[in-house]
Amino acid sequence: MKPWSLTVPLGAVVIWQIVSFSGLVPTNLLPSPLAVLAGARDLIFVGMPPEHLLHNHIIYSLLRVFLGFIFGCIIGIPLGLVMGWSSKAKGVLGPFVEIIRPIPPLAWIPIAILWFGIGLKSAAFIIFLGVFFPVLLNTISGVESINPVLLEAAKTLRAGERDLFLKVLLPGAIPSIFVGMRIGMGIGWMTLVAAEFTGVKEGYGLGYMIMTARDIQRPDEILAGMLIIGVIGLMINWSLKALESRLIRWQ
Amino acid sequence: MKPWSLTVPLGAVVIWQIVSFSGLVPTNLLPSPLAVLAGARDLIFVGMPPEHLLHNHIIYSLLRVFLGFIFGCIIGIPLGLVMGWSSKAKGVLGPFVEIIRPIPPLAWIPIAILWFGIGLKSAAFIIFLGVFFPVLLNTISGVESINPVLLEAAKTLRAGERDLFLKVLLPGAIPSIFVGMRIGMGIGWMTLVAAEFTGVKEGYGLGYMIMTARDIQRPDEILAGMLIIGVIGLMINWSLKALESRLIRWQ
Amino acid sequence: HTAFADQKPIRIGYLQNDIHQLACWVAIEKGFYRAEGLDVQVAGIFKAGPEEMSAFAARALDMGYVGEAPATTAVANGVARVSVVAQVNTEGSGLMVGKNSAVHHVKDLVGKIVAVPGHSTVQDFLLKKAFLKSEVDQKSVRIIVLKPPEMIGASGTDQISAFIAWEPYPAKAITMGAGRLLLSSRDIWRDHPCCVLVADDRFIAERPDDVRAMVRVHVRATDYLNADTGEALRIAVKYTGMDDETLRLAMRNVRYTYEISREGELEYVRFLSGLRYINVSDPESFVNRFLQGVFLKEITGR
Amino acid sequence: MDLVLERISKIFPGIGGCESVEVLKDFSCFINGGSLLSIVGPSGCGKTTILRIIAGLEKASSGRVLFGVGEAEPGEKPLVGLVFQDYALFPWRTTLGNITAGLEFMGVPLKERLAKGMEYVSAFGLDGFENRYPKELSGGMKQRVAIARTLIMEPGVVLMDEPFGSLDSQTRNSMQEFLAGLWEERRDTIIFVTHNVDEAVFLSDDIIVLTSRPARVIERVKVLCKRPRDRTGIECNTIRRSVLDILGRESSKLG
Amino acid sequence: MDLVLERISKIFPGIGGCESVEVLKDFSCFINGGSLLSIVGPSGCGKTTILRIIAGLEKASSGRVLFGVGEAEPGEKPLVGLVFQDYALFPWRTTLGNITAGLEFMGVPLKERLAKGMEYVSAFGLDGFENRYPKELSGGMKQRVAIARTLIMEPGVVLMDEPFGSLDSQTRNSMQEFLAGLWEERRDTIIFVTHNVDEAVFLSDDIIVLTSRPARVIERVKVLCKRPRDRTGIECNTIRRSVLDILGRESSKLG
Ligand SMILES: Nc1ncnc2c1ncn2[C@@H]1O[C@H](COP(=O)(O)OP(=O)(O)OP(=O)(O)O)[C@@H](O)[C@H]1O
Ligand SMILES: Nc1ncnc2c1ncn2[C@@H]1O[C@H](COP(=O)(O)OP(=O)(O)OP(=O)(O)O)[C@@H](O)[C@H]1O
Ligand SMILES: [Mg+2]
Ligand SMILES: [Mg+2]
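Residue numbers (this note's numbering), protein chains in the order written: chain A, -12 to 238; chain B, -12 to 238; chain C, 45 to 346; chain D, 46 to 300; chain E, 46 to 300.
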């Protein structure tokens, strides 16, 4: 990260503060950055709802997102390898995937509760729906972008089907899979609020926290919560990028 | 589309019906396909809420999605061209984009209403948030994947900055932009329910319809509504693909 | 009571931030469940009633505090099999206008936009009743659906002329200086039903003693909060995070009671059937099945 | 290992509106075990197709490929190695990883294949580069890795499809010398496709010159010059001239 | 147009942990207007860098590029055309669209540029292919489009960086003949970089042979053979031999 890469976010914050001071925007609806900072402080020390502190919300949401993410990858990557490899599988499963893909996560809630009950699994399922499709689609396109000569080379070197999958298709698609994982992680976070609509057992979750702040009209805490999700998302994105550049040094 | 591309969806439906008959799954929460069909019939002829017929819901949602989509493209594509072209612009705006990207659409609702009021514009804004990021990120990667030799060739042919943007970067990034547009359209639909949480003035919208069916506890209509969104999404995806293959015959 | 010790815990649910359900929080905070020998587990905190009813349908809950409206539609539409075993509150909603609004009477709403929290909600019904009473043609008012948290902001920016919501939103609008009460729900329909305590029918059949004990706790908690408003307020602040001025105002508008309102439910069922939201051919027998006052009667003797 | 192609035909069916393409028609040819045969011919005449059929990547429409006819045990189909023009290295594997890939696929234990792999690394002048990824290697090195990867499998027949086609001429010359040296030592059976007549003359025992599609053998030229050969010497130049003449006549026939 | 390179140096600064690379050091050279100069030299010696500096795509660290010194009006910097090895055609433009791209960038009206474009389509033997996209063209055709696209701009100097490097040898020969014919007619000032000594001898008025990095001119060879030349004739072969000798000595110096 370059030092000037924070100029624009910081500049935006300063302008926002100035606008808030000037009274051009009603601060009861869009609080100033300083108010948001105070809101973040309240989230950390007072909690929202009270005694439900920020770090626990973060831990629970991370757990849900990661569970959804892992399953999104565990199912999306192998399925993507198969669908990228066999145009028949793609032809058969493709329309199915395309029908399910645009369905809003909120609409899945009743089904999520039916299938997975209240709690972690339901929430993770909603997040899974956000992660799964980008991972799947990028894995497919990753496999399709592999130079077919590599497959032939592997075949003349006596590679069996398993070797082809694990030692040619998978590594060849990895760069694209990583792109899908990063997009999927972003969308996973995007579906967090919907996921936590399925009912939280322990009273924790960032989406739940934001929705509670919304219930009691604390825009400062809503905004602080949004930015916290944003920053966590940014950090995870960076970690994935770092992992990516370690894993695919060959590119 | 191949004739067998519908085998899996149809097979899934048949299995689902059989499972429903067998009583293995509680039909009160997951209605059978026939019940969903009846739900769809009710949506078409009775309406949900009653007298609000399906075709109007579709029209209003299409309008919202397209408006959000168009703005997502109008802002995402040029910004993506700039960020792909100048690594400085990318460095400055990148973290900003990455922070905003994972914020759940539902969390934006208060701000959307503040900025855009209740109605079309707010809803379109929420959808815009779903469309914008995939379009932006794919445009950036599209520009970055352009062979730099093409830019040098254009320069030696006396291309000015404007020509470089409009006649080299834009067409060169088009394939990738289309991928972004298709992903963005999918996510736009995914955010539809959240978008229509910002309040629909006319009483129409597919997300609103589904949420009303949820309020009234009609899982058959919820599922019918989900599938309708899915099929519309599929059809739009096909149209975009058709447009794509016409526009980039050169690939 | 220790006989239940080896039984599975009772899974309950409630709605976050709905002060109508204060009795539940009082019972938890004051240890009334434990005192009754009940092993109660909060299995789900929900943002809205329909999700809680989905949880009942998925057999993830045994008992729950929930709005009478979602419970009724869920049962009438065959989604869940639950019965009302006690009332939780009546009244407790308010029809609000902007602080400086020129609207001083329901009649003034003609041609304006009014927000309700959802179709088939009690508030939806209350608004229509208010129109009926004031002889306002429903079609002359534009009713839109908006979630209560957004209502205050929207009425502050003149997006809507009025809204009807459950407490604490009306009170919050007042303390924020954004709104004024046009009509409380008491003015529209005295003692109208609102939230209820429901139990899964199979749970009632299998563990009637637990249901009875739960109702006993509920009665105790309701009596407690009506008696000691100060402590109840403290608990409300803790569970919602809202300021106590707002909550004090809000609680004044809610009637906490366990007496089941049969007439109210009957009227409500007729209303929903009339709008074709549900399809109940014989409201009387539906209500007789849906309301199971036996446990309450055993405890209160009424 | 001897190899005989017996009346091989190959027709690619036309897809969509396209006409079907007859690439090979009753094509017959043989190669003696342990010799190096070059194939030259006009672009698109079917050279790659021939190799792909031998390697089993493409099925012939009719005809047979016979391995080891002259040998005691004709037995099963031997391993056929294939070296591609664009190297076809696995970009995610290091030099050593690429060289040992085939052994890995065959299930050779790790230690054994690393030992054998390092032998080949040395033999192919790749010492010090065993842990580099393909993108870090020059074109000549990449092709040496590709050849090592194929030869380490001890294939019965090695097919090379314009292996030096994308190298610059200096590198190309040194790779030709490298291959010639290697071959003289190992005596693999090699079929070598090239566009470059100099190269064919420098390397081969036999050169077959093909017509354009459907490919037929116009002439089979024996290159009897002593090895190591002098690229610009008279012997070689004479053969070069005659092959170029045949090719020239063939292309002038085309138009 | 005459062109003089005056004591040009170019150092690429090392990024990260890399050392900086001195590619050119006081490199001087000239070309007479209307002549065809070839540059040959070891891989990586800096040939492409020289062309890029002349084209203005890279700035020299020091030294000057002077255009049209001998002319009446030295004036402003003329248009410098550049032809790339990999064609660098715009894949989204048809043949005609590619050929007229530069005219379009310069603002020439549609009708005029289409007319001129069609002239070039014919002159370059591309009739019937004017509406095809690059992917539908063969390598030779693509390179003809690339050359047409450059020459239609009437550049003062044309730079060609291994333009025929990725063509097979038959196509390459015919493209050399095509270029020779074209040049004899138009007499553009051309600097032609190649690895192929035959090609340099066949095409050029002068050949400069470079050392490895930092590039220096070892020798400037005049090719005086009459045109059209005989590729395998004695005259050409003598020059070919001497250039190859110089190059050979240079590479053996490297080790
Ligand atoms: N899979 C295929 N489907 C249809 N036609 C094919 C296919 N593969 C090759 N061809 C056609 O077969 C002909 C011979 O192709 P092949 O690649 O064998 O030629 P080649 O001699 O190797 O050419 P080159 O010298 O250019 O490599 C070509 O005309 C090609 O278009
Ligand atoms: N942008 C750059 N940054 C650093 N080093 C560079 C850069 N461009 C070229 N070089 C180095 O400069 C040297 C000369 O490169 P150049 O491409 O001019 O050689 P060349 O003679 O054209 O080689 P070839 O025959 O392989 O095309 C090379 O060693 C190369 O690594
Ligand atoms: Mg070939
Ligand atoms: Mg170069």
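All C-beta atoms, glycine included, are put in the ideal place defined by N, C-alpha and C.
Problem - Cutoff 9 angstroms: A/A160 Cβ touching any chain C Cβ - result: Numbered from its first residue, the first sequence carries residue 160 of chain A at position 173. Closer than 9 angstroms: no.
Problem - Per-residue DSSP class, three states only, for C/F207 - result: Against the third sequence, residue 207 of chain C aligns to sequence position 163. In this structure, C/F207 counts as strand in the three-state DSSP scheme.
Exercise for the section: Say whether the region 246 to 253 of chain E touches the region 74 to 91 of chain E, bearing in mind that this needs 3 or more beta-carbon pairs closer than 8 angstroms, one atom from each stretch. Expected result: yes
Practice task
Report the option in C/E135, C/E211, C/I322, C/I188 whose CA atom is closest to the CA atom of C/I204.
Solution key: For the purposes of this step, residue 204 of chain C is taken as the residue at position 160 of the third sequence. Of the listed residues, the one whose Cα sits closest to C/I204 is C/I188.
Handout entry: Start and end residues, beta strand (DSSP E) containing C/K156
Key = The count along the third sequence starts at 1 and reaches residue 156 of chain C at position 112. From DSSP, C/K156 is part of no beta strand (DSSP E); its letter is neither H nor E.
Exercise for the section: From the DSSP output, in three-state form, read off D/M205 for me. Expected result: Within the fourth sequence, the letter at position 160 stands for residue 205 of chain D. If DSSP states are grouped into helix, strand and coil, D/M205 belongs with the strands.
Practice task
Verify whether the separation of the beta carbon atoms of A/I197 and B/A25 is less than 9 angstroms.
Solution key: For the purposes of this step, residue 197 of chain A is taken as the residue at position 210 of the first sequence. For the purposes of this step, residue 25 of chain B is taken as the residue at position 38 of the second sequence. Contact flag unset, no.
Practice task
Verify the CB distance criterion: does A/R236 have a CB-CB separation below 9 angstroms to chain B?
Solution key: On the first sequence, residue 236 of chain A is found 249 positions in, with the first residue counted as 1. It does not: the Cβ of A/R236 has no partner Cβ on chain B nearer than 9 angstroms.
Handout entry: Closer than 7 angstroms to ligand 3: residues, by C-beta to nearest heavy atom, in chain order
Key = D/K92, D/T93, D/D206, D/E207, D/V238
Handout entry: Candidates D/I284, D/L102, D/I53, D/G113: closest to D/I76 by CA position
Key = On the fourth sequence, residue 76 of chain D is found 31 positions in, with the first residue counted as 1. Out of D/I284, D/L102, D/I53, D/G113, D/G113 has the C-alpha closest to the C-alpha of D/I76.
Handout entry: Interfacial residues, the region 176 to 191 of chain B to chain C, with Cβ spacing under 8 angstroms
Key = F184, T185, G186, V187, K188, G190
Practice task
Spatial neighbours of C/V84 within its chain, please: CB distance less than 7 angstroms, with the 5 preceding and 5 following residues excluded, ordered by chain position.
Solution key: Stepping through the third sequence from its first residue, residue 84 of chain C is reached at position 40. Contacts found: P53, I54, I56, Y77.
Handout entry: Cutoff 8 angstroms; reference D/Q188; Cβ partners in own chain excluding five residues on either side
Key = Sequence index remark: in the fourth sequence, residue 188 of chain D carries index 143 (1-based). Taken in chain order, the residues that qualify are V128, Y132, P208, F209, L212, M220.
Exercise for the section: Step through the CB atoms of chain B and report whether any lies within less than 9 angstroms of the CB of A/P36. Expected result: If you number the first sequence from 1, residue 36 of chain A lands on position 49. No, no contact with chain B.
Handout entry: Own chain, CB closer than 7 angstroms to E/G300, minus 5 neighbours either side, in chain order
Key = Locating residue 300 of chain E in the fifth sequence gives position 255, where the first residue counts as 1. Summary for E/G300: the model assigns pLDDT 43, below 50, so the residue's position carries little reliability, and this model does not support an answer.
Handout entry: Proximity winner among B/T199, B/Q238, B/W176, relative to B/N219 (alpha-carbon distances)
Key = Numbered from its first residue, the second sequence carries residue 219 of chain B at position 232. Reading off the sequence shown, one finds Ile at residue 219 of chain B, where the question assumed Asn. Here the closest residue by C-alpha is B/W176.
Exercise for the section: Check each residue of the region 86 to 108 of chain D: if its Cβ is closer than 9 angstroms to any Cβ of chain A, include it; give the result in chain order. Expected result: R97, A100, G101, L102
Practice task
Verify the contact flag: E/F57, CB atom, against every heavy atom of ligand 2, threshold strictly below 8 angstroms.
Solution key: Taking the first residue of the fifth sequence as position 1, residue 57 of chain E is located at position 12. Answer for E/F57: yes, Cβ within range of ligand 2.
Exercise for the section: Say whether chain A places a C-beta atom closer than 9 angstroms to the C-beta of B/D207. Expected result: Counting from one through the second sequence, the residue named residue 207 of chain B turns up at place 220. False, the Cβ-Cβ gap to chain A never drops below 9 angstroms.
Practice task
Helix, strand or coil for E/K55, going by three-state DSSP, please let me know.
Solution key: In the fifth sequence, the residue the question calls residue 55 of chain E occupies position 10. Residue state, collapsed to three classes: strand.
Problem - Check whether C/I279 and C/V70 have beta carbons under 9 angstroms apart - result: Within the third sequence, the letter at position 235 stands for residue 279 of chain C. Within the third sequence, the letter at position 26 stands for residue 70 of chain C. Taking 9 angstroms as the Cβ cut-off, C/I279 and C/V70 qualify as a contacting pair.
Exercise for the section: Note the first and the last residue of the continuous beta strand (DSSP E) segment covering C/S127. Expected result: What you label residue 127 of chain C is simply residue 83 of the third sequence in a count that begins at 1. Element bounds for C/S127: 126 to 131.
Problem - Three or more C-beta pairs below 8 angstroms linking the region 111 to 130 of chain A and the region 98 to 109 of chain D - result: no
Problem - Contact test: D/R194 Cβ vs ligand 1 heavy atom, cutoff 8 angstroms - result: As a working note, residue 194 of chain D is residue 149 in the fourth sequence. No, the Cβ of D/R194 stays beyond 8 angstroms of every heavy atom of ligand 1.
Exercise for the section: Determine the direct distance from the alpha carbon of E/Y165 to that of D/G78, and round the result to whole angstroms. Expected result: For the purposes of this step, residue 78 of chain D is identified with residue 33 of the fourth sequence, where counting begins at 1. For the purposes of this step, residue 165 of chain E is identified with residue 120 of the fifth sequence, where counting begins at 1. Rounded to the nearest angstrom, the two C-alpha atoms are 53 angstroms apart.
Practice task
Determine whether the Cβ of B/A94 lies closer than 9 angstroms to any Cβ atom of chain A.
Solution key: On the second sequence, position 107 is the one that residue 94 of chain B refers to. True, the Cβ-Cβ gap to chain A drops below 9 angstroms.
Problem - Pick from C/I248, C/I196, C/C238 that is closest to C/G223, judged by C-alpha positions - result: For the purposes of this step, residue 223 of chain C is taken as residue 179 along the third sequence, with counting starting at 1. For C/G223, the nearest C-alpha among the options comes from C/I196.
Handout entry: Contact between the region 266 to 280 of chain D and the region 236 to 250 of chain D (3+ Cβ pairs under 8 angstroms)
Key = yes
Problem - Proximity below 9 angstroms, CB of A/L17 to CB of A/L214 - result: Walking along the first sequence from the start, residue 17 of chain A turns up at place 30. Walking along the first sequence from the start, residue 214 of chain A turns up at place 227. No. Outside cutoff.
Handout entry: Near ligand 1: D/R258 beta-carbon under 8 angstroms from a heavy atom
Key = The residue you call residue 258 of chain D lines up with position 213 of the fourth sequence. Yes - ligand 1 has a heavy atom lying nearer than 8 angstroms to the Cβ of D/R258.
Exercise for the section: Return no unless some Cβ of chain A is closer than 9 angstroms to the Cβ of D/G300. Expected result: On the fourth sequence, position 255 is the one that residue 300 of chain D refers to. No answer about D/G300 holds up, because its pLDDT of 44 lies below 50 and its placement is not dependable.
Problem - Member of C/K143, C/M97, C/H236, C/M258 whose CA lies at the smallest distance from the CA of C/D72 - result: The residue labelled residue 72 of chain C in the question sits at position 28 within the third sequence. A small fix is needed here, since residue 72 of chain C is Ile in this sequence, not Asp. C/I72 has its Cα closest to that of C/M258, out of C/K143, C/M97, C/H236, C/M258.
Practice task
Could you name the residues of the region 14 to 34 of chain B whose beta carbon sits closer than 8 angstroms to any beta carbon of chain C, in the order they occur along the chain?
Solution key: N15, L16, V33
Exercise for the section: Identify every run of the alpha helix (DSSP H) within the region 238 to 311 of chain C, keeping only runs that are complete inside it and at least 4 residues long; order them along the chain. Expected result: 245 to 250, 252 to 271, 273 to 284, 288 to 296
Practice task
Could you tell me which residues DSSP pairs with C/G88 in its beta bridges?
Solution key: Residue mapping note: residue 88 of chain C aligns to position 44 of the third sequence, counting from 1. C/G88 pairs with C/G57.
Exercise for the section: Quick one: list the residues of chain B neighbouring E/Y165, beta-carbon separation under 7 angstroms, in chain order. Expected result: Here residue 165 of chain E refers to the residue found at position 120 of the fifth sequence. Those within 7 angstroms of E/Y165 in chain B number zero; the least Cβ separation is about 14 angstroms.
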